[in-house]
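Okay, so here's the structure we're looking at.
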Amino acid sequence: MIDFWIILTASLVATTTAILGCFLIMRKMAMIGDAISHAVLPGIVIAYYISHSRASFPILIGAAASGMVVTYLIQFFHQKVKLQQDASIGISYTFLFAIGIILISLFSGNVDLDQDCVLYGEIAYVPLDNLSIGGLYAGPRQVWILGTTLIIISTSVIVAYRKLVLTTFDPAFASAMGISVVLWQYYLMAGVSLTTVVSFESVGAVLVIAFLSGPAATAFLLTKDFKKMLYLAVGFGISASILGYYTAVWLAGSIAGAIATIIGLQFAIAFIYIQFLKKARISETLENKALTEV
Amino acid sequence: MEFFTEILSFFTFSEPNVKVVFWGSLILCSISGLVGTFTLLRKRSLIGDVISHAVLPGIALAFIIGQQKNPLYLIIGATITGWISTYLVDYITKHSKIKNDTAIALILSVFFGVGVLLLTHIQHSGNASQSGLDQFIFGRASAMNMSDVWLFSIVGTIIVILIVIFFRGLSLLSFDENYSQSIGFPNELLKLVLSITTVTTVAMGVQAVGVVLMSALLITPAACAKFWTNKIIPMAILAVVISGASGVLGSAISYTYNGMPTGPWIVVVVSLFAFISAFIGSKNGLLKKHLQRNKNNTKILRENTIKLFFNPTTLGETRYNFEDIFAKSKMQRATLKKGLNLLKSDKLITVSNDIFTTTNLGIEEAKTIVRKHRLWELYISRFMHLQPDHVHDDAEGIEHVITPEIERELEKELDFPTKDPHDSDIPY
Amino acid sequence: MKPSVETHNLTVIYDKKPAIWNIDFTLPTGKIIGIMGPNGSGKSTLLKAIMGIIEPNIGYSKLFDQDLEDVRNKVSYVPQRQSVDWDFPASVWDVVAMGRYATKGLFKRLSKEDHRMIEESLNKVNMTPFTNRQISQLSGGQQQRVFLARALAQNADLYLMDEPFVGVDAATEQAIINLLKSMRDEGKTLLVVHHDLHTAQDYFEHMVLLNSRLVAEGPTSEVFTKDILTETYGGTLTTLSKVASVLQEKDFPMRHK
Ligand SMILES: Nc1ncnc2c1ncn2[C@@H]1O[C@H](COP(=O)(O)OP(=O)(O)OP(=O)(O)O)[C@@H](O)[C@H]1O
Ligand SMILES: [Mg+2]
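These protein sequences, in sequence, are chains A, B and C.
The first sequence begins at 1 in our numbering and counts up by one.
The second sequence begins at 295 in our numbering and counts up by one.
The third sequence begins at 723 in our numbering and counts up by one.
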């Protein structure tokens, strides 16, 4: 049963992040996931500290607050004082993340968080924190939270599908049609922030980036239809969760780390397959050419 | 209070280990400031992020192979995986439709994931001396010993020598890669030098700062320096100083708390330097911009006020009382008073019995500003093909921007005109 | 007849420096109008400012005597081909269908009528055989035709096209210009950014010559003269660029209260 809950948790995270990841990588915004996932830390720690619990609501507020701070900082550096974009992002999120780690150390007696789990989560403990409804066992709390998030994200994406695709593919055309590019950008960012925050406990700040970028990138290599890319990414995410779990059990290592490793392998295989196809196609055309020339 | 005595005890080297921490963080951070200058200028800051995360599996592997914490093994292992990661990012971007940012995010997180998997594997398999490995994630300068510091000094010296030898090429590569290529600099070699030094720097630096925050040490000091200078040598020197200072201060602070990782403190200190530089820096700094704006606004107010005294018929002296001039102006009372005070202190007008009278200087100033206004109107109506009723607003803004030099050019280009587009005289 | 496009002191400032400055013109309806000027002269910027893709810093524009918001579905914009990532996983049909999204809102499925218009648009640009082709597998000229088909599917009255002839072979260029002419004959207005001085006279009845300022605007016969072309392409005005650099250096406001 524990296996089941852990795999389910990982699959829920993987599904939500895969969907958002497809949009992120097509918008060339994969690193924004990196910035957000690190930058929300101080807010989360303070929320833990104040509320003395892992209740989700205060954490969401705390994370949203630090998310706003990092957005502001990036803008400050990039627009107000004209620092280049990559450096602005780099300075801002490392600063906030450092503050977060310091806070964890300072509050170490009072906050039930440790430094390492911040980075790669503690999905193995998910089945220990259960929810009961009316005295009945209702499964791990995280599963409920992540399930709800998945429903929120997938409905939001379905509802806004056309606008999200249009503003991703051709923002200038979208904006000429009167669709606000900035609005849908924020819509997507809100989804990414929500997802990184709720996935925090299970996969942590760094590995959530693997979940966001990896399955989407592998799917992107293999298909030329955006809808198929979404389904494929979800498929890769879930299969990586299952394989990753058993790899972790086998090696007695971190589950999230193992899933990220599998995500990397999936990408590597797809990448090599594509290179192979390309070579085959080139030699085929060369052969054809040779034949016609003869 | 206790905090300060602790800090003081750090800087007096009262404990033998403090010396190690001091020199260790000073060397590591200074070198990353130097190398970071080039990464920043090449707009490859995020590559630093990839490398720093990607050294983790190298460290873990070195540990598995060496069975203990041998700093040389660790640096070699870290350098290898760090270098592979940058190579992969470039390879993926070049050979597939995957974009650079996706490749960065993917490689960074997957390498880190592999590292975490290996590290946790080592820990769970109960290896006795594994306890030192945690320090690589957030850095623990206090875990360094004297032989580490020697190693850092040697490797660091090699890095500095390499950079000094190739300095000219590296600078040109960072500012303008294509130009460097076109004049026959060996770009590929230079890039290799840069990537080797960067990767090695990161591989060492993670011992003090940790893999997660190491990229800050490449980005932030150089960014600080950029707020003060555009020249590469002063920039590199400043970055080294800021970085070294942050390293020492950060480890001093973390030293006073038991069990506190070093990395976050170093990063917080260096970020504070960045904020300070962003505020008071001489290049793009907020304060400077603010002062410049104030200066502009004063100039605009001064010129708009003296313009009110322009006498279109005689081009000579004018006298107004406050209410008259207020009625002519479109300003707030307080603004106008401020403007009049400016004129008074510049001796453009005199005041007696509430009557403002232009001095000779004031008459000239008023004429000048009206002349600039009308010249500009004429200029844009001729060269921008604007209707006469569309030129006024633009001239209201630009009249303050026209320097005496530009004014002379306008006169010449318009052949010393006498009438503006509204057929008013241009006063000389 | 109402003017198709009217701009008033339209000014766009990037990083404190004006990219287009005080553009002031009124264009006729039912004509093919060329916008010409050297690289970086602000042609794309002008189109974007008219379409509200970038907010002008100063000035405004009107389309058919109305605000943009009121006539949006009568106007179609064709971006520069290089402005999108053609690796995006979509088919030719998917891209052309985007032209029908504007009237469809969030959920409404595309109707039979929509499908008919999409097919017709593809047909008009001779892309019917490529309907299901992935856009990453198109040549430059085919990509350009996909963009045109998307614009046709919008069925607008005014088309703003950013360099529709770039990377297109002579035959395709001829086909496109014939298409534009037949659209003009249906009473549509076409505003086309173009680079080739040799063909300009044949293609356009009316012209806007731009070099970050408006150099000339009028019927081709009047403005396509040697003097005006020299003024347009003969480098920027030194005084103007000096003023622009003082604006940028000293961070002066162009308008102030
Ligand atoms: N987003 C931007 N930020 C800053 N400057 C910009 C931006 N877009 C354009 N510019 C600058 O504004 C000027 C006008 O650019 P624009 O793209 O409108 O020119 P163009 O006439 O379309 O050129 P081309 O013929 O090359 O397409 C150029 O100097 C360009 O460098
Ligand atoms: Mg253009």
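The beta carbon of each residue, even a glycine, is placed where N, CA and C say it ideally should be.
Closer than 8 Å by beta-carbon distance: list the chain C residues that pair up with residue i, in chain order.
i: Ser175/A; result: Met773, Gly774, Ile775
i: Met31/A; result: Simply none; closest approach about 17 Å.
Flag residue i as yes when its Cβ comes closer than 8 Å to any non-hydrogen atom of ligand 1, and as no otherwise.
i: Glu885/C; result: yes
i: Ala741/C; result: yes
i: Val208/A; result: no
i: Ser934/C; result: yes
i: Pro778/C; result: no
Residues of chain A with CB under 9 Å from residue i, in chain order?
i: Ile431/B; result: Gln115, Asp116, Leu119
i: Lys770/C; result: Ala172, Ser175, Ala176
i: Met820/C; result: Arg162, Val165, Leu166, Phe169, Asp170, Phe173, Ala174, Met177
Go ahead and label residue i buried or exposed: buried means 16 or more other beta carbons lie within 10 angstroms of its beta carbon, across all protein chains shown.
i: Trp559/B; result: buried
i: Ser423/B; result: Interpretation of Ser423/B is limited by its pLDDT of 48, a score under 50 that renders its predicted location unreliable; no figure is taken from the coordinates.
i: Glu703/B; result: buried
i: Lys979/C; result: Per-residue confidence for Lys979/C stands at a pLDDT of 46, beneath the threshold of 50, marking its modelled position as unreliable; the derived number appears in the next sentence. With fewer than 16 other Cβ atoms within 10 Å, it is exposed.
i: Asp442/B; result: buried
i: Glu693/B; result: buried
i: His730/C; result: buried
i: Asp709/B; result: exposed
i: Leu486/B; result: exposed
i: Tyr736/C; result: exposed
i: Glu885/C; result: buried
i: His684/B; result: buried
i: Asn654/B; result: exposed
i: Ile272/A; result: exposed
i: His837/C; result: exposed
i: Phe4/A; result: exposed
i: Val13/A; result: buried
i: Phe869/C; result: buried
Going along chain B in order, which residues have a C-beta closer than 7 Å to the C-beta of residue i?
i: Lys82/A; result: Asn578
i: Leu164/A; result: Simply none; closest approach about 18 Å.
Which chain A residues sit within Cβ distance under 8 Å of residue i?
i: Phe810/C; result: Met26, Thr168, Phe169, Phe226
Along the beta strand (DSSP E) that carries residue i, what are the first and last residues, could you check?
i: Arg803/C; result: Segment: none, Arg803/C is in no beta strand (DSSP E) and carries neither H nor E.
i: Leu732/C; result: 727-736
i: Phe747/C; result: 739-749
i: Glu699/B; result: Element bounds for Glu699/B: not the beta strand (DSSP E) but the alpha helix (DSSP H), 698-707.
i: Gly940/C; result: 936-941
i: Leu340/B; result: Unbroken run through Leu340/B is the alpha helix (DSSP H), 339-360; no beta strand (DSSP E).
i: Thr652/B; result: 649-652
Starting from residue i and walking both ways along the alpha helix (DSSP H), at which residues does that stretch end?
i: Asn472/B; result: 471-476
i: Gly327/B; result: 310-335
i: Ala64/A; result: 56-75
i: Phe4/A; result: 2-26
i: Ala892/C; result: 892-907
i: Phe693/B; result: Reading off the sequence, residue 693/B comes out as Glu, not Phe. First-last for Glu693/B: undefined, no H or E at that position.
i: Ile44/A; result: 41-51
i: Ser436/B; result: Premise fails: Ser436/B is in no alpha helix (DSSP H) and is neither H nor E.
i: Thr853/C; result: Taken as a continuous stretch (DSSP letters only), Thr853/C belongs to no alpha helix (DSSP H), as it is neither H nor E.
Using 8 Å as the cut-off, classify the Cβ of residue i as near or not near the heavy atoms of ligand 2, replying yes or no.
i: Gln802/C; result: yes
i: Val915/C; result: yes
Which bits of chain B does residue i rub up against, with CB to CB less than 8 Å?
i: Thr961/C; result: Tyr673, Ile700, Glu703, Leu704, Glu707
i: Asn731/C; result: Leu680, His684, Asp687, Asp688
Mind pulling the chain C residues with CB within less than 9 Å of residue i?
i: Phe220/A; result: Asp809, Pro811
(message) Quick check on the contact list: which residues have their beta carbon closer than 6 Å to a heavy atom of ligand 1?
(response) Taken from the N-terminal end onward, the list reads Tyr736/C, Asp737/C, Ala741/C, Gly759/C, Asn761/C, Gly762/C, Ser763/C, Gly764/C, Lys765/C, Ser766/C, Thr767/C.
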